[in-house]
Structures are given as structure tokens and as C-alpha cells.
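From first to last, the protein sequence lines are chains A and B. Okay, so the first sequence: first residue is 7 according to my numbering, each after it adds one. Okay, so the second sequence: first residue is 7 according to my numbering, each after it adds one. Notes follow the structure.
2 protein chains.
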Amino acid sequence: MTPRSNSPRNVGGPDEPIVYVVDDDVSVREALRNLFRSVGLRVEVFGSGAEFLQSKLPDVPSCLILDIRLPRLSGLDFQADLAKAGIHIPIVFMTGHGDIPMTVRAMKAGAVDFLTKPFRDQDMLDAVTAAIERDRNSRNEAKIRSDLHALFATLTAREREVMALVTTGLMNKQIAAEIGIAEITVKIHRGNIMRKMAAKSLADLVKMAQALEIQRPAPPQ
Amino acid sequence: MTPRSNSPRNVGGPDEPIVYVVDDDVSVREALRNLFRSVGLRVEVFGSGAEFLQSKLPDVPSCLILDIRLPRLSGLDFQADLAKAGIHIPIVFMTGHGDIPMTVRAMKAGAVDFLTKPFRDQDMLDAVTAAIERDRNSRNEAKIRSDLHALFATLTAREREVMALVTTGLMNKQIAAEIGIAEITVKIHRGNIMRKMAAKSLADLVKMAQALEIQRPAPPQ
DNA sequence: GCTGATCCTAAACCTAAGTATGCTCCTCTC
DNA sequence: GAGAGGAGCATACTTAGGTTTAGGATCAGC
Numbered sequence: 007m008t009p010r011s012n013s014p015r016n017v018g019g020p021d022e023p024i025v026y027v028v029d030d031d032v033s034v035r036e037a038l039r040n041l042f043r044s045v046g047l048r049v050e051v052f053g054s055g056a057e058f059l060q061s062k063l064p065d066v067p068s069c070l071i072l073d074i075r076l077p078r079l080s081g082l083d084f085q086a087d088l089a090k091a092g093i094h095i096p097i098v099f100m101t102g103h104g105d106i107p108m109t110v111r112a113m114k115a116g117a118v119d120f121l122t123k124p125f126r127d128q129d130m131l132d133a134v135t136a137a138i139e140r141d142r143n144s145r146n147e148a149k150i151r152s153d154l155h156a157l158f159a160t161l162t163a164r165e166r167e168v169m170a171l172v173t174t175g176l177m178n179k180q181i182a183a184e185i186g187i188a189e190i191t192v193k194i195h196r197g198n199i200m201r202k203m204a205a206k207s208l209a210d211l212v213k214m215a216q217a218l219e220i221q222r223p224a225p226p227q
Numbered sequence: 007m008t009p010r011s012n013s014p015r016n017v018g019g020p021d022e023p024i025v026y027v028v029d030d031d032v033s034v035r036e037a038l039r040n041l042f043r044s045v046g047l048r049v050e051v052f053g054s055g056a057e058f059l060q061s062k063l064p065d066v067p068s069c070l071i072l073d074i075r076l077p078r079l080s081g082l083d084f085q086a087d088l089a090k091a092g093i094h095i096p097i098v099f100m101t102g103h104g105d106i107p108m109t110v111r112a113m114k115a116g117a118v119d120f121l122t123k124p125f126r127d128q129d130m131l132d133a134v135t136a137a138i139e140r141d142r143n144s145r146n147e148a149k150i151r152s153d154l155h156a157l158f159a160t161l162t163a164r165e166r167e168v169m170a171l172v173t174t175g176l177m178n179k180q181i182a183a184e185i186g187i188a189e190i191t192v193k194i195h196r197g198n199i200m201r202k203m204a205a206k207s208l209a210d211l212v213k214m215a216q217a218l219e220i221q222r223p224a225p226p227q
């Protein structure tokens, strides 16, 4: 009757976290699926890293549970590949017979945890909670940065140049001298910058420049 | 002949890094001492964590080589004690028979590396190089923060309040209304703040406030 | 009771910043 | 070749920021 009755996801809101499980052992996959479902977490399971890569990843807090010993590609190498591909998702490793160097390498590369099988359910849930929280934070920060960058992208080349100089603390007349234009023109640019960047004050703009890591351009010499 | 001929440290400058070694096995201590000396690093060795704590630590880039299995206090507990005592020094762990959970705990607590005995000399040297570099960076940052904090400490309570509001982007008249004083008084405070903080511009001051993590005080209500 | 620090204010003055209007010039695109 | 967008400049005006000089009030410590 209702037009949306075929919508499959009634489990939670659009920001519901997802746990991805990659393991070649179907019994492990099912056990983890049940574990996470039992605490109300959405779960997606995969038999290999390649399968995982083919699925599309919604923009919600998530984490990846990975066996260190995968058939074709080791968990460590897969971790490195994800980083190279620009996919930054917190990883919780599992291992049946891992060693310390593996553990060190995984943790250095940013893994959230490294659990030895058999592990207690609660340890896995704690690790996943921490991982999802970490992802939530990094997504929030990434969102802020990308929104800011979208605004910055609307500036012209000249405006970006002026913005860099303004946020280093130069006065309009100094900026004018530096780039060889009239002070009044600097004022015009500056007004445009404030409007386009939606900055309510100079302090605001300085903070944006900090977040964008804008560098003062070197004087041509 | 020369008045300073009894000076014991001709090995390097005052910023020469130091490697601290804590191990109960004297042969390990001596082997590591020789290893680090062979590459020109200054070394101090200790038989226990207590001994290490009693020595004074100069303000130079340094790191700590720690055996995970110490007689009275485990390396992990010692790591936790150091953190609680506010001593933040990068740690490289060594172990003869450590396990993965130990490794995870150490790495989560910020250890630089975790080497299994026997290790290659080069691996130890690489770990120490990374650890010292990390310490050098954190010391630089700490120095900047403490210098800034020293300046901030010279401000009066009122000046700090005004500084917080200025760096949020409020105009003088808004600040005046907010704290119930005349605009001219805000200007005076503001001038004093700029002088005391040695800020060359508002942009400068905003960056300082960011570094100091100054929060805008909640309006009394 | 004196001193110094802090906080507050006023008047006068000057500089910096920001806005509005109007115009020129150039370049790229349709 | 017309229009759009960017860059630049001038004049005129308003507001914001900042300093100097000269005070008054309060409070802590000697």
C-alpha cells in the first residue's frame, strides 16, 4: 500500500554504523555476524578482500574486522592496499597464529586492536566500539575539512593569495605593496573573501586558514 | 692548564640525544651500550625502573629501551607508571618471550616499537632513531606551548577574558556589552594583551589562542 | 597610611578596515 | 561580437581599532 513498503533498511537511521567482516572461514563469518547482530549492529560479511573492495561503502561510521591470514592477500598487505587506495577505515585484526612482528606492523599502520583467537566476545565488541568511535570522529573532521575546502574552491586565484596574506596578519597596505596593487583593491578582494567563505570575522577566517593549512606564498625573487 | 679541562662531556653538544637502557641482565645492558656507542649515541644504563627514575633526565631528545620482563615491575606497568608521573618518553620494548596481548597493550599505550630477542642490531638502531625523532618533535611542540603559556600567565583575569572574546571574533562593542564595561576599556585591555602576548597582529593572537585552546567563557546565566 | 597593581572611564586624535558607486581593461566563451 | 567574469582603480563615506593623556576606585601587602 505505502509507496515505501519495499524499503529494506528499517533497522536504524541513515547514520547507523556498519561492521564489515572479512574472513575466508564461513563459520567465523557467521559467528561474528550473529555476535554483532545480537547487539544491534549492522553487519556485512565478505569471504575475501577483493569482495569487500567491490562493495560500495556508505558514508557512515564503520570498521573492518580482518583475519591476518587471508588466502591470497595477507591481512597486513590488504591494510596497506587500503591505505594506498585512500580508504581509511579502522581495522580490528584477528589471528589464530600471528606473531609479534605482525602485531607491531599492524599497530604501527594504525590498527585499532589485534585479537588472538579464541577471543572473548566482549573483547571483540569493545574493540569494535572503539573503532567505530574513532571512525565517527575522523568522519566528522573530514566533513568539516571538505566543506571548508568547497568554500575555498570558489575563490579566485587572486582571492586565495590575498587570503593567505590577510591570515598571516599583514595590513591591507602591506598586502597591496607585496603583490603590487592598490590598497583599495585589496579591500575589495577581502570583502569578497569574507562573503564567499562565510566568515563572520577575521578571527573566523584565520581559523579557517589554519584548518586549510594555507601557507603564505613565497614572494617572487 | 685550561680552566675547563675537567669537563667530562666532550662527546657532543648540549642537545646530544640520550638513549636510556633498562634491563636486569648486565650482559644485555653492556651489549646495548656498545651498540649505541658504536654509532656515536650517548647511553645511560640502569638495572631497574627504580634506578632510572632516580636519575635526572636532561631536556634533550631521548628514548627508553625497556625489557618487557623486569623483575619487580613489568615493563608494561612501568610504562603506565611513567605516563601517570607525567614522564613522556618514547619507549622501545624488547622481549624474549612476549605475547601478542602484551604487544597490543604496549603499542596502544604509545610504544614506538616492540622487538623480539634476538633482534638485528639494525632493527634496534632504526627503532631508536624513530623514537628520538619522535621525542625531538614532541619536545619542540612542548617548548612552544610552554613559552606561550608563560606569556599567557602574565595576563590578568580580565585580560584573559577579553582575549577569549576577541579571538572568538567579537567586536569591541560586543565584548563591552557582554561583560558590562565601556568600549574604551576593552580597547585598553586589548592593547595590553597584544603587548604582553607579543602578538604582531590579530591573526597572530588568534593562532595563539588556538594553540592555547582558549575557550570562550560561557555568559553568566 | 602609603604603595603598587588592577580595573575602570573620558576626551581627543589617528589609522585601518569596510562599503558603495562608477568606471576601464582583458580574456574566455557562446 | 556580445556577454560574463575577473582584475584593477578612484572618490567618498562610515565604522572599527588603537594610542595618549589624565584621571578615579578598590584592594593587598608592608
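Just so you know, even glycine gets a beta-carbon here, dropped at the ideal spot from N, CA and C. Since the model is a prediction, treat every value here as computed from it, not as a measurement.
- Would you list, in chain order, the members of the region 195 to 216 of chain A that have their beta-carbon closer than 8 Å to a beta-carbon of chain B? 206, 207, 208, 209, 210, 212, 213 and 216
- Of the choices B:130, B:44 and B:109, whose alpha-carbon is the least far from that of residue 70 (chain B)? B:130
- Could you please give me the residues that DSSP links to residue 48 (chain A) through a beta bridge? A:24
- Say whether the region 186 to 199 of chain A touches the region 186 to 204 of chain B, bearing in mind that this needs 3 or more beta-carbon pairs closer than 8 Å, one atom from each stretch. no
- State whether the region 47 to 55 of chain B contacts the region 143 to 162 of chain B, with contact taken as three or more CB pairs (one from each stretch) at a distance under 8 Å. no
- Query: Which partner residues does residue 99 (chain A) have in the DSSP bridge list?
  - Reply: A:72 and A:120
- Assuming residue 169 (chain A) and residue 220 (chain A) make a contact with CB atoms under 8 Å, what is their CB distance in whole Å? 7 Å
- Query: Nearest to residue 155 (chain B) by alpha carbon, out of B:111, B:91, B:23 and B:203?
  - Reply: B:203
- Indicate the three-state DSSP secondary structure (helix, strand or coil) for residue 203 (chain B) in the structure shown. helix
- Step through the CB atoms of chain B and report whether any lies within less than 9 Å of the CB of residue 120 (chain A). yes
- Query: With 9 Å set as the bound, which would you pick, yes or no: does the beta-carbon of residue 63 (chain B) sit closer than that to a beta-carbon of chain A?
  - Reply: no
- Query: Alpha carbon to alpha carbon, how far is residue 36 (chain A) from residue 96 (chain A)?
  - Reply: 21 Å
- Query: By the criterion of Cβ-Cβ separation under 9 Å, what are the contact partners of residue 220 (chain B) in chain A?
  - Reply: Within chain A, no residue comes near residue 220 (chain B); the closest Cβ sits about 11 Å away, beyond 9 Å.
- Task: Determine, using beta carbons only, whether residue 7 (chain A) comes closer than 9 Å to chain B.
- Result: Caution applies to residue 7 (chain A), whose pLDDT of 43 falls short of 50 and renders its modelled position unreliable; the value that the coordinates give is listed next. It does not: the Cβ of residue 7 (chain A) has no partner Cβ on chain B nearer than 9 Å.
- Message: Output needed for residue 21 (chain B): all residues of its chain with C-beta closer than 6 Å, excluding positions within five of it in sequence on either side, in chain order.
- Response: 66
- Query: Using a Cβ-Cβ distance under 9 Å, would residue 70 (chain B) count as near chain A?
  - Reply: no
- Task: Select from the region 79 to 109 of chain A all residues with a C-beta closer than 9 Å to any C-beta belonging to chain B, and list them in chain order.
- Result: 101, 104, 105, 106, 107, 108 and 109
- 9 Å Cβ cutoff, residue 15 (chain A) in contact with chain B: For residue 15 (chain A), the pLDDT reaches just 41, beneath the cut-off of 50, and the residue's location in the model is therefore unreliable, leaving the point undetermined.
- Task: Under 7 Å between beta-carbons, which chain A residues line up against residue 113 (chain B)? List them in chain order, please.
- Result: 110 and 113
- Message: I'd like to know whether the C-beta of residue 172 (chain B) is nearer than 9 Å to at least one C-beta of chain A.
- Response: yes
- Sub-9 Å separation of residue 63 (chain A) and residue 151 (chain A) beta-carbons: no
- Query: Below 9 Å between beta carbons: does that hold for residue 209 (chain A) and residue 208 (chain B)?
  - Reply: yes
- Message: Would you say residue 130 (chain B) lies against chain A (beta-carbon separation less than 9 Å)?
- Response: no
- Item | Span separating the alpha-carbon of residue 104 (chain A) from that of residue 121 (chain A) | 10 Å
- Query: CA-CA distance, residue 93 (chain A) and residue 114 (chain A)?
  - Reply: 17 Å
- Go through its chain and collect everything with a Cβ distance to residue 133 (chain B)'s Cβ below 7 Å, but skip five positions before and after it. 98, 118, 119 and 121
- Query: Curious, which full-length alpha helix (DSSP H) runs of at least 4 residues does the region 135 to 199 of chain B contain?
  - Reply: 163 to 172 and 178 to 185
- Query: DSSP three-state call for residue 114 (chain A): helix, strand or coil?
  - Reply: helix
- Taking only beta-carbon atoms, is residue 127 (chain A) less than 9 Å away from chain B? no
- Task: Quick one: residues in its chain with C-beta nearer than 6 Å to the C-beta of residue 7 (chain A), no 5 flanking neighbours on either side, listed in chain order?
- Result: Since pLDDT at residue 7 (chain A) reaches only 43, below the 50 mark, its modelled position is unreliable, and no value is offered.
- Item | Boundaries (first-last residue) of the alpha helix (DSSP H) holding residue 213 (chain A) | 208 to 218
- Message: DSSP three-state label for residue 59 (chain A), please.
- Response: helix
- Item | Assigned exposure category for residue 29 (chain A) - 16 Cβ within 10 Å defines buried | buried
- Message: Within a Cβ cutoff of 7 Å, which residues of the same chain sit near residue 91 (chain B), ignoring the five residues on either side of it in sequence?
- Response: none
- Message: So if I threshold CB-CB distances at 9 Å, which residues from the region 179 to 191 of chain B count as touching chain A?
- Response: none
- Show which residues of chain A have a CB atom less than 8 Å away from the CB atom of residue 175 (chain B). 206, 207, 208, 209 and 210
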